[in-house]
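Residue numbers (this note's numbering): 18 to 477. Heads up, the beta-carbon is just placed ideally off N, CA and C, and yes, glycines get one too.
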């Protein structure tokens with residue numbers, strides 16, 4: 018099954034006269050439970066060479082923010098220290114990664130280069146550009162899925178078509194494997210940012226990124242903090258997950274999505290811990306379905322549909338019904354600025370937006386309601402998609418991620434969903450409302466919890 022994770026990106030030979038195997042780490046920012054790193058170590062051991070890891074710190078990334086970069090750098094600082102302990106070199110430079118990896122491969126004398134797979138258009142473009150410049154073999158490893166993404170060779174219709182394929186392969190994939198260790202330690206000292214000694218906030222603040230999305234006190238980056246959250250979830254959240262995950266007045270979700278997004282913890286590690294827990298079976302099954310089936314459905318969507326961040330992602334039935342209702346009167350229309358500053362008439366929606374801006378997250382159930390209202394309050398579905406992506410990618414620590422794009426497409430243009438009873442504006446796209454949410458949940462507890470986190474002047 019592991020061979021389904023590997024793609025040769027340039028067809029060039031391994032250079033046996035080289036001095037190391039280089040791993041270009043970009044998506045999977047961790048020193049353990051990392052299939053791309055393990056593959057690089059195995060290849061290096063076969064060649065009797067050490068391993069060097071390259072990371073390109075690129076601050077011209079769309080919607081990059083001080084918030085996101087600080088969180089990422091907190092993780093990289095921890096990861097750099099772990100590489101040192103394992104005898105693995107780490108080279109981090111502030112440059113365009115697709116150019117820097119080519120220079121580093123020449124400078125370090127790489128026999129071959131391994132890279133973790135990115136499922137989004139921009140990351141794939143980086144890898145394709147690097148493939149043209151590298152003179153040695155360039156191998157990509159899918160390192161962020163439990164079941165390799167290429168068990169499917171096409172875009173799936175929905176969870177119901179992907180789930181059987183995942184379940185057939187799950188026993189083979191949901192296995193705790195021993196870490197490969199390099200037999201030769203790295204001895205080089207190339208030019209590099211000293212990641213193990215850097216101050217994350219100082220460096221993040223110096224970058225050419227969005228400064229209005231300030232660091233959130235709610236999350237700290239790194240595998241240690243990810244493992245602490247996982248332990249709390251196993252103890253407090255998972256045993257209640259089956260029946261309370263949609264109760265917005267409570268917080269029983271894992272809150273691991275930022276760590277998964279930056280690759281600071283492996284979904285396999287989370288899945289193993291949940292599977293082996295003492296939580297009720299219905300809770301375990303519900304969470305694993307979200308972590309594996311739904312998350313990997315989002316990855317499948319982004320791999321096989323390059324329009325994942327546009328209205329073009331809509332299935333035909335949804336595109337047709339939204340077009341038929343595009344001229345429906347919309348009683349409430351808000352500007353992007355009004356939405357961003359939580360200045361609508363809807364106190365519950367405002368709380369969700371405030372949670373996003375303040376914490377870098379939204380309760381998972383409210384995240385769906387939040388996006389549904391954007392369809393209702395925006396002149397067109399295409400603009401609703403654009404605004405949802407802008408707000409999510411700017412403020413959410415798990416923004417710019419397949420999960421986010423799939424969730425927004427599900428909410429606004431019916432992706433991975435089915436037709437429902439026709440109604441104004443939404444047509445046959447599933448309707449969700451804050452009024453219904455108020456009837457079904459302890460919504461005042463949610464609003465109070467968000468309000469307690471902001472100054473009186475910023476209350477919703």
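Would you report the Cα separation of residue i and residue j, rounded to the nearest angstrom?
i           : j           : result
residue 73  : residue 209 : 10 Å
residue 10  : residue 193 : The shown model of the chain, from 18 to 477, leaves out residue 10, and the question about it has no answer.
residue 308 : residue 278 : 12 Å
residue 377 : residue 426 : 20 Å
residue 305 : residue 186 : 14 Å
residue 457 : residue 322 : 35 Å
residue 61  : residue 206 : 18 Å
residue 410 : residue 416 : 4 Å
residue 476 : residue 249 : Confidence at residue 476 is low in this model, with a pLDDT of 38, below 50, so its placement is unreliable and the value that follows should be read with caution. Near 29 Å, if we compare the C-alpha coordinates of residue 249 and residue 476.
residue 225 : residue 86  : 11 Å
residue 285 : residue 42  : 18 Å
residue 374 : residue 152 : 44 Å
residue 63  : residue 57  : 10 Å
residue 332 : residue 173 : 12 Å
residue 351 : residue 176 : 33 Å
residue 97  : residue 32  : 27 Å
residue 406 : residue 355 : 16 Å
residue 11  : residue 76  : The shown model of the chain, from 18 to 477, leaves out residue 11, and the question about it has no answer.
residue 114 : residue 451 : 43 Å
residue 303 : residue 310 : 10 Å
residue 291 : residue 251 : 7 Å
residue 359 : residue 439 : 29 Å
residue 95  : residue 437 : 48 Å
residue 301 : residue 294 : 8 Å
residue 144 : residue 27  : 10 Å
residue 48  : residue 412 : 27 Å
residue 391 : residue 79  : 22 Å
residue 388 : residue 222 : 30 Å
residue 147 : residue 121 : 11 Å
residue 473 : residue 367 : Because the pLDDT at residue 473 is just 42, under 50, the model does not fix this residue reliably, and the value given afterwards should be weighed accordingly. Rounded to whole angstroms, residue 473 to residue 367 spans 15 Å at the Cα level.
residue 169 : residue 402 : 27 Å
residue 448 : residue 273 : 28 Å
residue 433 : residue 180 : 12 Å
By Cβ distance, which residues of its chain are closer than 6 Å to residue i, with the 5 residues on each side in sequence left out?
i           : result
residue 54  : 40
residue 465 : none
residue 337 : none
residue 335 : 430, 431 and 446
residue 349 : 394
residue 167 : 21
residue 24  : 157
residue 276 : 243 and 282
residue 315 : 419, 420 and 423
residue 342 : 442 and 444
Since residue i and residue j should fall inside the 8 Å C-beta cutoff, what is the C-beta to C-beta distance between them, to a whole number of angstroms?
i           : j           : result
residue 468 : residue 382 : Not a contact, Cβ separation roughly 19 Å.
residue 396 : residue 429 : Contact flag wrong, Cβ pair sits at about 13 Å.
residue 240 : residue 282 : 6 Å
residue 119 : residue 81  : Going by Cβ atoms, the distance from residue 119 to residue 81 rounds to 22 Å, so no, they are not a contact pair.
residue 104 : residue 199 : 5 Å
residue 506 : residue 88  : Here the chain comprises residues numbered 18 to 477, so residue 506 is not present and cannot be evaluated.
residue 93  : residue 212 : 5 Å
residue 233 : residue 84  : 6 Å
residue 287 : residue 339 : In fact, because the Cβ distance is near 35 Å, the residues do not count as touching under 8 Å.
residue 197 : residue 59  : 5 Å
If you drop the 5 nearest sequence neighbours on each side, which residues of the same chain put their C-beta closer than 7 Å to that of residue i?
i           : result
residue 393 : 347 and 442
residue 220 : 90
residue 319 : 136, 137, 325, 419 and 422
residue 18  : 165, 186, 189 and 190
residue 45  : 51, 53, 133, 160, 161 and 280
residue 312 : 284 and 420
Return the chain-ordered list of same chain residues with a C-beta closer than 8 Å to the C-beta of residue i, the five sequence neighbours on each side being excluded.
i           : result
residue 380 : 265, 268, 270, 369, 372 and 463
residue 37  : 61, 66, 67, 68, 69, 106, 125, 126, 127, 128, 203 and 205
residue 454 : 265, 365, 382, 383, 386 and 460
residue 484 : An answer regarding residue 484 cannot be provided, because it is not within the stretch 18 to 477 covered by the chain.
residue 29  : 151, 152, 153, 154 and 155
residue 123 : 152
**OP:** Could you tell me whether the stretch 127-139 touches the stretch 313-333, where touching means 3 or more Cβ pairs closer than 8 Å?
**Re:** The stretch 127-139, when compared against the stretch 313-333, does touch it at the 8 Å Cβ threshold.
Subject >> Entirely enclosed beta strand (DSSP E) segments - the stretch 287-313, minimum 3 residues >> reply: Correct list: empty.
Original post:
Counting Cβ pairs closer than 8 Å, one from the stretch 200-216 and one from the stretch 239-258, do we hit at least three?
Top reply: By the C-beta criterion, the stretch 200-216 is judged not to be in contact with the stretch 239-258, since fewer than 3 inter-stretch pairs fall below 8 Å.
Original post:
Are the stretch 120-134 and the stretch 228-239 touching, with three or more C-beta to C-beta distances below 8 Å?
Top reply: Counting C-beta pairs closer than 8 Å gives fewer than three between the stretch 120-134 and the stretch 228-239, which falls short of the contact rule.
Original post:
In chain order, which continuous runs of the alpha helix (DSSP H) of length 4 or greater are located wholly inside the stretch 431-475?
Top reply: DSSP runs (the alpha helix (DSSP H)) wholly in the stretch 431-475: 451-457 and 460-468.
Original post:
Which runs of the alpha helix (DSSP H), 4 residues or longer, sit entirely within the stretch 78-109?
Top reply: Restricting attention to alpha helix (DSSP H) runs no shorter than 4 residues, the stretch 78-109 encloses them at 83-103, ordered along the chain.
**OP:** Within the stretch 374-421, note down every full alpha helix (DSSP H) run reaching 4 residues or more, in order along the chain.
**Re:** For the stretch 374-421, whole alpha helix (DSSP H) runs of length 4 or above, ordered along the chain, are 381-394 and 398-412.
Original post:
Unbroken alpha helix (DSSP H) runs of length 4 or more, entirely within the stretch 50-81: which are they?
Top reply: Every alpha helix (DSSP H) stretch that sits fully inside the stretch 50-81 and reaches 4 residues is listed by chain position as 52-63.
Original post:
What residue ranges within the stretch 345-372 form continuous alpha helix (DSSP H) runs of no fewer than 4 residues, ordered along the chain?
Top reply: Runs of the alpha helix (DSSP H) inside the stretch 345-372: 353-357.
**OP:** Run through the stretch 197-248 for me and flag every whole beta strand (DSSP E) of 3 or more residues, listed as ranges in chain order.
**Re:** Fully enclosed beta strand (DSSP E) runs of 3 or longer: not present.
Subject >> Those runs of the beta strand (DSSP E) which lie wholly inside the stretch 108-164 and span at least 3 residues >> reply: The stretch 108-164 contains these whole beta strand (DSSP E) runs: 127-133 and 154-158.
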